[in-house]
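The structure appears right after this line, and notes come after that.
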Amino acid sequence: MMLAFDKSYDEILGLESAPEQYTLAAAMPADTTRADFQIMLQRLLTERFRLAVHRETREVPGYDLVVAPDGPRLMAWVPGNPDRPEQDGFPRLPSGEASKAAVLVSGNPPVMRSMHRQTMEQFSVGLSEMVKTANGLSPGEKRARIRNKTGLTAVYEFRLEFEFAIARKGQPVAAEPGGNTLSLFRALEKQLGLKLVKANNAVVDVFVVDHADRLPAEN
């Protein structure tokens, strides 16, 4: 579904139950474009699973990622630099990977430590998931949409550490965790010189599944 409609998992609604797993074996012409591939996959899902969907728009929480008042604390990555070894609980980031996270659940609250080699545009996308993790929301709940407003254009290598909640039902996505914990919001400013500013809710297009057979039609 994600491939066929070019949507993230939380932009496809109506398949909340545990999904079945299928093996698909198919061939495409060598000159097939991505757009053609998506149309082929949509047709396959429609024909084999009697998939029926419709589009809707939904509002989700929004943030702007900006540079904090004291300025950014980021170092531009220099291609060819050796990979940093795993240390202090932060995962090693092999060449070719943009980010990697390690979750330490032994503490109270638990801690997420992540390594990054990204542009701020790329970081903003992954930051949506981190906001959800920090607020203790389950994977199926709506993630915030974050716009990169930093004006920073380089590829940066950095690490980030923050404490997060576990499954606090009802916690708003847009709320900053309180108390004296090193929340994601505080960690961004203290460690990276960046800041998340609450913005107007974002309007996103979603696909709602009206029907899908669990068993596909025979070959």
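If you read the sequence shown in the working numbering, its first letter stands for residue 11, the second for the next number, and so on.
Quick reminder that beta carbons are idealized off the backbone N, C-alpha and C, glycines included.
According to DSSP, residues forming a beta bridge with residue i
i	result
residue 169	125
residue 23	218
Reduced DSSP secondary structure (H/G/I, E/B, other) of residue i
i	result
residue 76	strand
residue 217	strand
residue 69	strand
residue 174	coil
residue 88	coil
residue 112	strand
residue 209	strand
residue 13	helix
residue 103	coil
residue 204	strand
residue 164	coil
residue 62	strand
residue 180	Note that residue 180 scores a pLDDT of 44, beneath 50, so its modelled location is shaky; the value from the coordinates is reported in the next line. The answer is coil: DSSP assigns residue 180 none of H, G, I, E or B.
Local Cβ density within 10 Å of residue i, reported as buried at 16 or more and exposed below that
i	result
residue 187	Model confidence at residue 187 stands at a pLDDT of 45, short of 50, so the residue's coordinates are unreliable; what they give is reported in the following sentence. Residue 187 is buried by the Cβ-count criterion.
residue 126	buried
residue 18	exposed
residue 208	exposed
residue 40	exposed
residue 90	exposed
residue 14	buried
residue 12	exposed
residue 197	buried
residue 193	buried
Element boundaries [beta strand (DSSP E), containing residue i]
i	result
residue 225	Element bounds for residue 225: n/a, residue is neither H nor E.
residue 158	155 to 158
Residue i - containing alpha helix (DSSP H), residue span
i	result
residue 6	The chain is shown from 11 up to 229; residue 6 falls before or after that span and cannot be answered.
residue 196	194 to 197
residue 130	130 to 144
Assumed close pair residue i, residue j - CB separation to whole angstroms, cut-off 8 Å
i	j	result
residue 170	residue 75	Wrong, their Cβ atoms sit about 13 Å apart, outside the cutoff.
residue 143	residue 174	5 Å
residue 153	residue 141	7 Å
residue 37	residue 221	Not quite, the Cβ-Cβ distance comes to about 28 Å (not below 8 Å), so this is no contact.
residue 155	residue 70	6 Å
residue 55	residue 219	About 10 Å separates the two Cβ atoms, so there is no contact after all.
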